[in-house]
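Chemist:
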Amino acid sequence: MIPNMYLVAGELLPAVFHVSARALARQSLSIFCDHSDVMAVRTTGCALLSAHNPQEVMDLGLVAHLASLKSSVPFVHFFDGTRTSGVIECVSPIPYSQMKAMVPWDAVADFRARGLNPQHPIM
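Counting in the numbering used here, the sequence shown tops out at residue 1319, every number present.
#1: Since Val-1358 and Val-1215 should fall inside the 8 Å C-beta cutoff, what is the C-beta to C-beta distance between them, to a whole number of angstroms?
#2: Below 8 Å, how does it come out for the stretch 1294-1308 and the stretch 1260-1267: are there three or more Cβ pairs, yes or no?
#3: Comparing alpha-carbon positions, which option in Asn-1200, Glu-1207, Asp-1255 and Val-1237 lies nearest Leu-1291?
#4: In the DSSP assignment, find the alpha helix (DSSP H) that holds Ser-1264 and state where it starts and stops.
#5: Counting along the chain, where does the alpha helix (DSSP H) carrying Asp-1233 start and finish?
#6: Please report the Cβ distance between Gly-1277 and Arg-1218, rounded to the nearest whole angstrom; I am assuming they are in contact, meaning their Cβ atoms lie under 8 Å.
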């Protein structure tokens, strides 16, 4: 996946990778958080964004998508995969109406215009 991240960053594609960072151990023997997988992608050109609780995971996930669209820089949004992804907490969801108001629709249109279109083929 790391070579693909270099390509995504080099082409200035807005993308977000949500990573649940945890230690890689045989047969789930480790219960500790480990950011070595996230630190391995530091040089890819992706911005790193860390969340520390379930509310931040939800809020910063949206922030990562919006920032990626506006800046055309891919983001790696990571959080503690052992503690944060396994905890049961109440979160305050962002209403869809507020999300819609925050989306940079001109950046979305620019991104869609860059894609392949059978109505306007490119050789």
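Backbone N, C-alpha and C define an ideal beta-carbon position, used for all residues, glycine too.
Modeler: Per the coordinate set shown:
#1: Limits of the chain in this structure are 1197 at one end and 1319 at the other, which puts residue 1358 out of reach.
#2: yes
#3: The residue given as residue 1291 occupies position 95 in the sequence shown. As written in the sequence, residue 1291 is Pro, which differs from the Leu given in the question. Taking only the C-alpha atoms, the option nearest Pro-1291 is Asp-1255.
#4: Taking the first residue of the sequence shown as 1, we reach residue 1264 at position 68. Residues 1250-1267.
#5: Taking the first residue of the sequence shown as 1, we reach residue 1233 at position 37. Taken as a continuous stretch (DSSP letters only), the alpha helix (DSSP H) holding Asp-1233 covers 1232-1235.
#6: Locating residue 1277 in the sequence shown gives position 81, counting from the first residue. Locating residue 1218 in the sequence shown gives position 22, counting from the first residue. With a Cβ gap of about 3 Å, Gly-1277 and Arg-1218 count as contacting.
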